[in-house]
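Report on the following structure.
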Amino acid sequence: MIYASNFKTNNTRAYTKEYINTLDDFISENSIKDEIYVFPTATSLNMFGISSNITIGAQNAYPVKNGSYTGEIGLEQLDEFGIKTILIGHSERREILKESQEFIAQKFNFFKEQGFRIIYCIGETKETRDSRKTMEYLWSEFDGIDLEYDKLIVAYEPIWAIGTGVSAKKEDIDEVLSALRLRVKAPLLYGGSVKSTNIKEIASIKDCDGVLIGSASWKVESFCEIIKNGQNQ
Ligand code: PGA
0 MIYASNFKTN NTRAYTKEYI NTLDDFISEN SIKDEIYVFP TATSLNMFGI SSNITIGAQN
60 AYPVKNGSYT GEIGLEQLDE FGIKTILIGH SERREILKES QEFIAQKFNF FKEQGFRIIY
120 CIGETKETRD SRKTMEYLWS EFDGIDLEYD KLIVAYEPIW AIGTGVSAKK EDIDEVLSAL
180 RLRVKAPLLY GGSVKSTNIK EIASIKDCDG VLIGSASWKV ESFCEIIKNG QNQ
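Numbering that gives the first Met the number 0 puts the sequence shown at residues 0 to 232.
Shown next as structure tokens:
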């Protein structure tokens, strides 16, 4: 299983350091063999001195080495901390920051050329789901994206389940992941209100290779509990 924590705009630099140290000890002491990813804020990136299988990734970066892009960070700033993993296409960047599919594909191609592991997010709105256009919409979010890229991980995150406390139903996740599996060889994650009480059920879904977690992972104790409850699926 893959367990990924997306901090979004949460946690300070000081707490992130404490978080990673605690998580690192937990993973080592419990001999957890899963792949663990943490995406802190850009201001909290660090080397951390990790000794277990935790990978630190960037939530976002501009597709340039460096340059004049006020407020953004580029490859040079990621290289400083040895970051080789990035989230691309998250619904909050698509919806709130108005990133277009064309720009997302440009980002994807830039970081693919740099050999980054890319967690690529897709997900439909409630409206799209209600009008039974989910798969059509999800496939359109792959426009310009190389599905054969060997460092690709795909995260299916229905927008209506993000941050609401109510995850999608097991049958709905199962249906979408099985459909994606027909064309996507990359690991498939589910995201949207994953927590310690539903991880067992979600981890048991046939084509689910892991989870991308927001709110329930912002406190380290809670993220550790999710990882613990997801064992032996
Ligand atoms: P959530 O967020 O776990 O708070 O629903 C998931 C995500 O946006 O990745």
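The beta carbon of each residue, even a glycine, is placed where N, CA and C say it ideally should be. Note that the coordinates shown come from a computational prediction; the quantities given were computed from them, not determined experimentally.
Check your understanding: Which of helix, strand or coil does DSSP assign to F115?
Key -> coil
Point to revise | Under 8 angstroms between C-beta atoms of S50 and D23 | key: yes
Check your understanding: Is it the case that the CB of V165 approaches a heavy atom of the ligand PGA more closely than 7 angstroms?
Key -> no
Check your understanding: Whose C-beta lies closer than 8 angstroms to the C-beta of I121 among residues of the same chain, with five residues either side of it excluded?
Key -> G88, L137, E140, F141, V153, A154, Y155 and E156
Practice item. Taking only heavy atoms of the ligand PGA into account, decide whether any of them is closer than 7 angstroms to the Cβ of A57. Key: no
Review point. First and last residue of the alpha helix (DSSP H) that includes L77?
Key: Here the alpha helix (DSSP H) through L77 covers L74 to D78.
Point to revise | Straight-line gap, F47 to R131 (C-alpha atoms, nearest Å) | key: 45 angstroms
Check your understanding: Helix, strand or coil: which one does DSSP assign to Y136?
Key -> helix
Practice item. Examine the ligand PGA and report whether any of its heavy atoms sits within less than 7 angstroms of the Cβ of L179. Key: no
Review point. Three-state secondary structure (DSSP) at F233?
Key: Any question about residue 233 goes unanswered here, given that the chain covers just 0 to 232.
Review point. Are the beta-carbon atoms belonging to I85 and I117 less than 8 angstroms from one another?
Key: yes
Check your understanding: When DSSP labels each residue in this structure, what does Y68 get in the three-state scheme?
Key -> coil
Check your understanding: I161 and S90: beta carbons closer than 8 angstroms?
Key -> Less than 8 angstroms separates the beta-carbon of I161 from that of S90.
Review point. Are the segment 13-22 and the segment 214-232 touching by the rule of at least three beta carbon pairs closer than 8 angstroms?
Key: yes
Review point. If we ignore side chains and look at the alpha-carbon of each, how far apart do R182 and V175 end up?
Key: 12 angstroms
Point to revise | Where S246 falls, given that 16 or more other Cβ within 10 Å makes a residue buried | key: Given a span of 0 to 232 for the chain in the structure shown, any question on residue 246 remains unanswerable.
Check your understanding: For V210, which option in V193, V219 and W217 has the closest C-alpha, if you only look at C-alpha atoms?
Key -> Of the candidates V193, V219 and W217, V193 places its Cα closest to the Cα of V210.
Exercise for review: On a CA-only basis, which of I204, A178 and Y2 is nearest T54? Give me that one, please.
Suggested key: Y2
Check your understanding: What distance in whole Å lies between the Cβ atoms of I201 and I172, which are believed to be in contact at a cut-off of 8 angstroms?
Key -> 7 angstroms
Check your understanding: Which residues does DSSP pair with V210 in a beta bridge?
Key -> Y2 and Y189
**Study point:** Counted within 10 angstroms of its Cβ, other Cβ atoms place L146 as buried (16 or more) or exposed
**Key:** exposed
Point to revise | Backbone secondary structure at V37 - three-state DSSP | key: strand
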